[in-house]
Every structure is written in C-alpha cells, then in structure tokens.
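Since the structure comes first, as structure tokens, the remarks are kept for the end.
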Amino acid sequence: MTSLGEFEYRDHPAPWQTLMKSRVVRNEALSVQTSAQGELEIRLPLRKLNWLVPPLSWVFPTRESKLLRLDGLGSEVFRLCQQEREVQWIVDAFAERHRLTFHESRVAVTQYVRSLVERGVLILVGSPDKLEEK
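Quick note on this note's numbering: the sequence shown kicks off at 66 and runs consecutively.
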C-alpha cells in the first residue's frame with residue numbers, strides 16, 4: 066500500500082474489478098420455470114441427510130428442494146447469466162437496457178450476482194488469464 070497524504074491506495078485492483086473479470090456459470094442441478102405471475106421460479110435440490118432414514122424421516126420430514134422466486138429485474142439478470150459470460154458483460158447489458166451509468170449498474174448487478182452465488186444458483190469462475198497462470 067502506498068500513502069499519498071491522507072489517502073492510501075492499493076497497488077492491486079479492487080475486489081469489484083476482479084469480480085468483473087469472473088465468468089458466471091449456472092448451477093446445472095437447478096430447474097427453472099415461469100410462474101403464472103411471470104416470475105422465474107428456481108428450484109434447487111437439497112442434499113439428502115445420510116442419517117435421516119425411516120423411522121426418523123417420518124418424525125423429522127425434510128424438504129427435497131428449495132424454491133426461489135425472482136422478480137422482473139432479478140429474472141433479467143438471471144437470464145443474462147444463462148450463458149457463460151463475464152460479469153462485466155452482464156453489467157454493461159443491464160446498464161444499456163435500463164439507461165444506467167456503469168457504476169449504478171455495477172452496484173446493482175454485482176450485489177444480485179453475489180446473492181445468487183450465496184444461494185447456490187450461480188457459480189463464479191475466475192478470469193481466464195488467472196487460470197492459465199496456474
């Protein structure tokens with residue numbers, strides 16, 4: 066880190082710049098349907114617990130899958146993530162469609178992509194140049 070008066074700046078890129086070069090891949094285990102209201106319904110299968118066998122499964126029923134409903138904007142971001150594309154491409158497409166600045170779009174899309182990654186809907190793959198170096 067280098068100091069410049071009161072401010073410090075880093076010699077390496079910010080975390081969002083690294084995220085922008087990552088590719089988004091959809092989880093292949095999920096199923097996608099459109100509801101009657103036009104929302105996307107994503108069903109994620111849950112892992113079965115090994116110890117949960119009858120008669121325990123009769124007493125402690127569990128869900129086989131988790132359902133996520135995406136609104137209009139969430140559905141649009143998810144559809145943009147359907148193909149293996151870089152996050153930056155998705156941010157640019159979203160900004161162009163909704164007449165946003167790059168930074169407004171970046172904040173909205175990256176937060177949403179992160180929440181979908183945390184829920185297991187999407188997977189982030191590192192940038193190609195970093196993968197080649199290893």
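Glycine included, every Cβ here is placed at the ideal spot set by N, Cα and C.
Query, Result
"Determine the contact status of Pro110 and Ala94, defining contact as a CB-CB distance below 8 angstroms.", "yes"
"Hey, quick one: how far does the alpha helix (DSSP H) through Gln153 stretch, first residue to last?", "152 to 163"
"Report the rounded CA-to-CA distance for Lys113 versus Arg128, giving the unit in angstroms.", "9 angstroms"
"Indicate whether Trp81 and Arg171 have their beta-carbon atoms separated by less than 8 angstroms.", "yes"
"Report the rounded CA-to-CA distance for Leu135 versus Leu105, giving the unit in angstroms.", "5 angstroms"
"Cα separation between Val174 and Val190?", "16 angstroms"
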